[in-house]
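Chemist: Chains A, B, C, D, E and F are the protein sequences, given in the same order.
According to the numbering used here, the first sequence is numbered sequentially starting from -5.
According to the numbering used here, the second sequence is numbered sequentially starting from -5.
According to the numbering used here, the third sequence is numbered sequentially starting from -5.
According to the numbering used here, the fourth sequence is numbered sequentially starting from -5.
According to the numbering used here, the fifth sequence is numbered sequentially starting from -5.
According to the numbering used here, the sixth sequence is numbered sequentially starting from -5.
Yeah, the Cβ is synthetic: ideal placement off N, Cα and C, and Gly gets one too.
Keep in mind it's a predicted model, so treat the numbers as computed, not measured.
Number of protein chains: 6
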Amino acid sequence: MHFETPWEERPANSTEVLWRYSKNPIIHRHAIPSSNSIFNSAVVPYTDGFAGVFRCDNRSVQMNIHAGFSKDGLQWQIDHDPIQMLAGNTELLHSDYKYDPRVTKIEDRYWITWCNGYYGPTIGIAYTEDFRQFYQCENAFLPFNRNGVLFPRKINGMYAMLSRPSDNGHTPFGDIYISYSPDMMFWGKHRMVMQPAPFVESGWQSTKIGAGPTPIPTDEGWLMIYHGVIHTCNGFRYAVGAALLEMERPENVLYRSRRYLMTPEVPYETTGDVPNVVFPCAAIHDDDGKIAIYYGAADTVTCLAFGYISEIIQFLKEDTL
Amino acid sequence: MHFETPWEERPANSTEVLWRYSKNPIIHRHAIPSSNSIFNSAVVPYTDGFAGVFRCDNRSVQMNIHAGFSKDGLQWQIDHDPIQMLAGNTELLHSDYKYDPRVTKIEDRYWITWCNGYYGPTIGIAYTEDFRQFYQCENAFLPFNRNGVLFPRKINGMYAMLSRPSDNGHTPFGDIYISYSPDMMFWGKHRMVMQPAPFVESGWQSTKIGAGPTPIPTDEGWLMIYHGVIHTCNGFRYAVGAALLEMERPENVLYRSRRYLMTPEVPYETTGDVPNVVFPCAAIHDDDGKIAIYYGAADTVTCLAFGYISEIIQFLKEDTL
Amino acid sequence: MHFETPWEERPANSTEVLWRYSKNPIIHRHAIPSSNSIFNSAVVPYTDGFAGVFRCDNRSVQMNIHAGFSKDGLQWQIDHDPIQMLAGNTELLHSDYKYDPRVTKIEDRYWITWCNGYYGPTIGIAYTEDFRQFYQCENAFLPFNRNGVLFPRKINGMYAMLSRPSDNGHTPFGDIYISYSPDMMFWGKHRMVMQPAPFVESGWQSTKIGAGPTPIPTDEGWLMIYHGVIHTCNGFRYAVGAALLEMERPENVLYRSRRYLMTPEVPYETTGDVPNVVFPCAAIHDDDGKIAIYYGAADTVTCLAFGYISEIIQFLKEDTL
Amino acid sequence: MHFETPWEERPANSTEVLWRYSKNPIIHRHAIPSSNSIFNSAVVPYTDGFAGVFRCDNRSVQMNIHAGFSKDGLQWQIDHDPIQMLAGNTELLHSDYKYDPRVTKIEDRYWITWCNGYYGPTIGIAYTEDFRQFYQCENAFLPFNRNGVLFPRKINGMYAMLSRPSDNGHTPFGDIYISYSPDMMFWGKHRMVMQPAPFVESGWQSTKIGAGPTPIPTDEGWLMIYHGVIHTCNGFRYAVGAALLEMERPENVLYRSRRYLMTPEVPYETTGDVPNVVFPCAAIHDDDGKIAIYYGAADTVTCLAFGYISEIIQFLKEDTL
Amino acid sequence: MHFETPWEERPANSTEVLWRYSKNPIIHRHAIPSSNSIFNSAVVPYTDGFAGVFRCDNRSVQMNIHAGFSKDGLQWQIDHDPIQMLAGNTELLHSDYKYDPRVTKIEDRYWITWCNGYYGPTIGIAYTEDFRQFYQCENAFLPFNRNGVLFPRKINGMYAMLSRPSDNGHTPFGDIYISYSPDMMFWGKHRMVMQPAPFVESGWQSTKIGAGPTPIPTDEGWLMIYHGVIHTCNGFRYAVGAALLEMERPENVLYRSRRYLMTPEVPYETTGDVPNVVFPCAAIHDDDGKIAIYYGAADTVTCLAFGYISEIIQFLKEDTL
Amino acid sequence: MHFETPWEERPANSTEVLWRYSKNPIIHRHAIPSSNSIFNSAVVPYTDGFAGVFRCDNRSVQMNIHAGFSKDGLQWQIDHDPIQMLAGNTELLHSDYKYDPRVTKIEDRYWITWCNGYYGPTIGIAYTEDFRQFYQCENAFLPFNRNGVLFPRKINGMYAMLSRPSDNGHTPFGDIYISYSPDMMFWGKHRMVMQPAPFVESGWQSTKIGAGPTPIPTDEGWLMIYHGVIHTCNGFRYAVGAALLEMERPENVLYRSRRYLMTPEVPYETTGDVPNVVFPCAAIHDDDGKIAIYYGAADTVTCLAFGYISEIIQFLKEDTL
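1) List, in order along the chain, the chain C residues whose C-beta lies closer than 7 angstroms to that of B/Gly182?
2) Going along chain F in order, which residues have a C-beta closer than 7 angstroms to the C-beta of B/Val268?
3) At what residues does the beta strand (DSSP E) containing F/Phe309 begin and finish?
4) With a threshold of 8 angstroms, are at least 3 pairs of Cβ atoms found where one atom belongs to the region 259 to 274 of chain E and the other to the region 239 to 250 of chain E?
5) Just checking: is the beta-carbon of D/Thr265 within a distance shorter than 7 angstroms of some beta-carbon in chain E?
6) Using beta carbons (cut-off 7 angstroms, strictly below), is F/Met186 in contact with chain E?
7) Look at C/Cys275 and C/Arg147 and say whether their C-beta atoms are less than 7 angstroms apart.
8) Hey, out of C/Glu3, C/Tyr174, C/Ala61, whose CA is closest to C/Trp13's CA?
9) Could you compute how far the alpha carbon of A/Tyr40 sits from the alpha carbon of A/Tyr302?
10) Give, in chain order, every unbroken run of the alpha helix (DSSP H) that is at least 4 residues long and sits entirely within the region 247 to 305 of chain B.
11) Taking 8 angstroms as the limit between beta carbons, can you name the residues of its chain near C/Leu136, skipping five residues before and five after?
12) Closer than 9 angstroms by beta-carbon distance: list the chain B residues that pair up with A/Ser54, in chain order.
13) Taking the Cβ atom as the reference point for each residue, do B/Glu240 and B/Gly204 lie within a distance shorter than 7 angstroms?
14) Please report the distance separating the alpha-carbon of F/Gly67 from that of F/Phe44.
15) Taking C-beta pairs closer than 7 angstroms, name the residues in chain C that E/His164 reaches, listed in chain order.
16) Would you mind working out which of B/Cys131, B/Ser31, B/Tyr112, B/His22 sits nearest B/Tyr104, comparing C-alpha positions?
17) Applying the 10 Å Cβ sphere with the 16-neighbour rule, what's the burial state of B/Gln199?
18) Can you tell me which of A/Leu298, A/Ile119, A/Glu305, A/Asp94 puts its alpha carbon nearest to the alpha carbon of A/Pro0?
19) Taking E/His60 as the reference, give the member of E/Ile72, E/Ser54, E/Ala291 with the closest Cα.
20) Whole angstroms is fine: what's the gap from B/Asn30's alpha carbon to A/Leu315's?
21) Does any CB atom of chain D fall closer than 7 angstroms to the CB of A/Phe135?
22) Distance, Cα to Cα, C/Tyr289 vs C/Met188?
23) Could you tell me the alpha carbon to alpha carbon distance between A/Ser28 and A/Asn58, rounded to whole angstroms?
24) Would you mind telling me which residues of chain E sit closer than 7 angstroms to C/Thr257, beta carbon to beta carbon, in chain order?
25) If you drop the 5 nearest sequence neighbours on each side, which residues of the same chain put their C-beta closer than 7 angstroms to that of A/Met256?
26) Are the C-beta atoms of B/Tyr91 and some chain C residue less than 7 angstroms apart?
27) Look at the Cβ atom of C/Arg53, then the Cβ atom of C/Val295, and state whether they are nearer than 7 angstroms.
28) Going by DSSP, what residues sit across from F/Ile25 in a beta bridge?
29) Below 7 angstroms between beta carbons: does that hold for A/Trp70 and A/Ile32?
Structural data, given as structure tokens:
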């Protein structure tokens, strides 16, 4: 498998650690015939290009996930129909809705996690080898939970997943936890990883936080890119931050950005179905440290931002909570 | 009376059932000297052109209704002063505010309904023959109610009105009911017509719904265009749907769109005094099935969208709740 | 028809305008085998004794109304099964629940009103001649409404009903309105009668108010006994007040008690399924001015209080809002 | 091990399926020197008497669990100091608070579950053989969860636990779920068992529900006694119901009581630190079908009620949801 | 001036630091003809007996303060009419309501503070020499504030006042602050004294706290008796605690009780207009260390509890936050 | 000191009393390296140009105030580091956050007021002579308070400050009060100035109001420009109004604009971190009656609007509340 990280150089006049793709959004709200919006989606390198799982809300504003493929990570062909799950390690295919997918390759297959409606939001799990046949597994947790994100390899012999326990509405709180499983079926050893920051220390992440892309292994620990939320008098605003977690015990936070890496600023982020949202769900990176972050904007479209892993880490360490 | 439905052809590259007028908004927020915003307004064919009743919030953000006239339905002369009501079948002219008017011709006169402030919002009724003299009648209901919409002819010998019972604030619920009256003074035989849809089946109309323009008689039933609301973490978003009601018993819903027909997407809909609102209040249509829908955008301006009745009905029936 | 008002003299040491029956509660929560509680019920003189309609919540805490009979107004035989309605002026017998009945004799029959569940609470109407056969009529109003109370005779040729528009939960607001009907089917001419009092002038009725027993005609106007509610940091507290309304235009309030007549004070009022509630629904009175008020206590049991109409009126006029 | 179920005959004049102990409360709020209240506690037969784990809130209103012993199940000696946990299958002894314990014997040991504070309420697990040494294990779930109740034997080779996912406050919702574990460490195969009942069908359990004592195996299935909550305008009221679950697949509900078995009625239930609460946490039963249910009253004291298993099952089946 | 502290010995079987008067309540809700309730009131030694200022809510539930006198501190004659204020250092006698008074002797006169309604609750101030003529002064603060309590002597040459800033409703938060004034007219040097305790450390005072009686000088610092509030699913519960403040800088807390001294337990505290409230507003003490604490119960009646200052201080120091 | 008011003529086609600067925003969100947003800031003439105090939220969304200088009032050099306060009349430099500054010259120095975090928002005070050394003084009030605005000269020998008491969140209420101080340390003589307007009379200011720039003395009274807030279903919308206050007793309102002067209309006001906010904090004016108003837009950037004092006053008087 060979791929090239989607890339555009930093604009000459920019000093930002993350910079936006000049052709954003890369996926428009009506990119497939039935869609109201396509956002908060996840991609991975696959064969000689890329594959992904996309949140497509249809024009009934029903939330579902679709497979998609791309040669260059920029132009995408997204299936017009949602993924039809087959039975994996469970017979329980009941799902009221599916949204905010993540994709992670672990060993021989690609694992999909998403927010799955089972009498309330919880974390759905499925695997695929070819992005054509998907096998749904047991939900990881009891409701209510969102933003389940797997690590890309076992830790101490066990699968590991970040998640954000929550409630059944527009949850005004939310911490990041980690849980472990020997078999992708039973989960335990739940540990708290990070809580929202005090308002006066880092307001943008003072209401709730949740993991974003699959954590990236680095020499200094797992690089976890996440979203943080502030509650203003006009609702929630979602921004992007990052943290470094200890490799063998990722429940230990080594560094955590006091400053955000990116906040809603441009029209496709500040206006849309839910104004003022940037929500990262995937990151492509390569050996020379380039990173391309896929994020949903305003719960309406899908966008790209670029950076260097080394600079992100430097940014984290400079001003840590 | 002769008129031509305001019209602009569907853009070449569009497959939408409803398409926006390229010169939207047709009425700007400051179209009269005192206005903060002009939106959620209603028009009808009148003599050799059109007349209408317009919601003009003034710069004190007091809500009132004004008469207006147009030759082509696109360019409007709106009175600078609000309508001064005369006594119709009541002496009760008390009104704390008036907003969201509808206009319906029944037999020999034009009936106006609106949200009328009488110790809370309820449905005000008036009639006019010339859009100069308006005669206010008894409020149809006790508070709290909004979006009262009359049928354009009697049904089983009685006037019929759709409405949405609600409460005294930013109501987070709301169904469409129908009520009947022998005389436009006393109302009864209240029947439930439609409730919000389950979130997982049609999220855009899962919080509340309310009737829009005067229902249109068709071979297949009354075509009711309505608004539906979703509650996101940044407030309410208003979109447009449609349903078919049984001709002689309109409390029976024959079909109802699972998908929206239109949702806020363009800047004059996604930004303004209340972002993310499209709110239809009137529709001009003619014998060849063209329809021009007048809608308020972002509680700030007045806009037009076009379509064909036959296509709307086909859209409804294809994917019905 | 002859009857004697249930009666017990004012205790020697009391100066209260209303005094409680020493054998309260007169109906216990388990007075019929299926009941969880029996309260907020209404009675009238009937043949040579009394008949009534009783709110009996069963042990599933489903709310329904039962007929009952008594020789002396103190000891009651309540039917073990709820009233089965027959069709009156409507085919709409749909009712999710029935509670808080009132009974009023107008001309040749007894009219029952109650809070009727039709996709939300509204005012149900029925009539009976014998408390055996009940004929259900059209609901008076759209939801949401509670505490519909009929006047005991037509006013200006029309039936008249007090009610309290509300919302779909534990409504934290509520005014008393009046509406008129020529035929018990269509209602209109809605007028506001009274609103809650400002907190600093009469705190006990500062959250919401609602009519209680059938208004009583007197030389000075209609005597309306009503409940008022205050919102404390431990919930709602319901007390009893009274007002005098103009005979021919009862929307005009002549006098209204600033002071309550009765507030929860004794254990069967301050504890129970809903603590701190006294809720009057009926009053028996006779020519010599004695009055026996039936009230629910703590949403659990049914009680009696006594007084003289003349003293209540004097009390009203002494210190009026 | 031999024991006699604590017992008092049904009062002569009672037709109740459950009847209260005439000497309630059996444990007073100040039964140990430091306690503010002792309630919502669990007991089991142990050696030649009984042992238990008791929720004792101290006078700082800190919640903790204490061991206790009794000869007859009526008179209890409760340890003055809270249980000091030892490490079981985890090093994570962190606990901000412990409350609402349950005790279940499975095979060779007694398992304790309780609401454990770990950055929010979740389900703590411990085991003991002698009620002196307690070994704390991994929390079963991520927060937020309460009312974790183990089955008294493995089902299909796995431990099984009922629980009620919730949020971080006075949760106004709550369903009963079941989860399975091969090892008391990792949990999965989460299935929904029961949700609150519709208000109009069984109001007393319309807000939230949660499992109570350890389920009891019977010929007809698992007898699960549970609490149900209604939300009145004066707060939450907790009552007691029961259901029968399928033996091998307890996520299947066979019967469920529409009526409550017991609701707060007597002073020690209707007044106290939290009025109007009856909350069952344990049940002693024997071969002849007598059952003694231990319940907390008003979040203040511990009480007993008696019944026959056969009558409870008959009651369930007579009027099931 | 000579007086004897009202007193009753500790019951033989009691180990409580504070014990209730066996004849509680000492003032009934109807102790004057117009009163609904008399509670949260303050008394001081005066001439050869006692005088006080009493919160009397009348039967309109208007809140006002009345003067009263007693020979023994147990039996009270309370004026039937509220205090009529004269102008002190202000012309602003506007007061929408007056409640929860405190009385403090400083140098030559008695100062009254109370919650005063001036477009919201704030702290009213008045002085008197004889409890007949009261001179109202400038309100100490802007709204919103409650529980203003003066120290009984100047500190560093300035008057000092504790208070609890709050909001305009049933405030779910509240800290104790101190402010200083050179002249009882202008206030400043505001300092935070104490905040509510973390729920897991001292739940009974985890929602809000407020000062009670005038602080008492002791060898170990100012003894401040205060109320603390917990928010249960059935509303607020008010208990009593105590703290020691540094003599010359009372913003410094030396000790603070983790445990409550008294919590609602007996019927006149657990039931009434607002259940589960004990609210101390005054304390009489003498040289031999006896203390009599006057407190309101259930927002309905006035009660007494007794103790020894030395034991209270020992209790504080034993288990301090 | 000489200066020229920043100025741009009214556009030819405009009839607005206030018109926006064509080069808005004058200060971008990233005008200093660390900033997320710069808005709600205050400027004054200083030496031969202008100086100011700017609210700069950094990329941790911590709120702080920075000094800045300008030659022309349009182009600004803002310090990259926040102001470091020195001790003025207090040792209390504790500040959790600083935001929404105002600057006022009184006699020999410049006074800064701002919203200061001291266990909740209150009004911080400091003075400077050179915008390099700032001396922090006692907070004016107890929490919770915002929008403290000093008058530019003493009134009756005392400093005077407007403020808006509030609570600890997104306060849904707020009146303007005035308080006086002899010494900038102790404050009293608090008087209510203005409350929100009734919704039906002036909706844009019906939720809360707060003072903006330093009041301007005119022949007709103090010209106070202020913000008013309406609560729509999508959150708060902030607009600008004005009032005239009596010179010697500014608590007396002479005129108050029913209509707003400016409401969010252009993209930099309707989109941003908090959509739909215009928030004035300073005004430069000169002898010929020109005025330049500095306002924050969308809690993101700083903007300018121009007008004539005489026209603003005429506007006020034409249509006053």
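Modeler: Let's see:
1) Glu132, Met179, Phe180, Trp181
2) Thr226, Cys227, Asn228
3) That residue, F/Phe309, is in no beta strand (DSSP E); its alpha helix (DSSP H) goes 303 to 312.
4) no
5) When Cβ-Cβ separations below 7 angstroms define contact, D/Thr265 makes contact with chain E.
6) Cβ-Cβ to chain E under 7 angstroms: yes for F/Met186.
7) no
8) When C/Glu3, C/Tyr174, C/Ala61 are compared, the shortest CA-CA separation from C/Trp13 is found for C/Glu3.
9) 22 angstroms
10) Qualifying alpha helix (DSSP H) stretches, in chain order: 261 to 264.
11) Thr116
12) Ala191, Glu195, Ser196, Gly197, Trp198, Gln199, Ser251, Arg252, Arg253, Tyr254, Asp313, Leu315
13) No, these two residues do not count as a Cβ contact at 7 angstroms.
14) Rounded to whole angstroms, F/Gly67 to F/Phe44 spans 6 angstroms at the Cα level.
15) Cys227
16) B/Cys131
17) buried
18) A/Leu298
19) E/Ile72
20) 45 angstroms
21) yes
22) Each residue's Cα considered, the two are about 21 angstroms apart.
23) 11 angstroms
24) Asn30
25) Leu12, Ala233, Val234, Val272, Ala299
26) For B/Tyr91, no CB of chain C lies under 7 angstroms from its own CB, so it is not counted at the interface with that chain.
27) no
28) Contrary to the premise, residue 25 of chain F reads as Ala rather than Ile in this sequence. According to DSSP, which records beta bridges pairwise, F/Ala25 is partnered with nothing at all.
29) no
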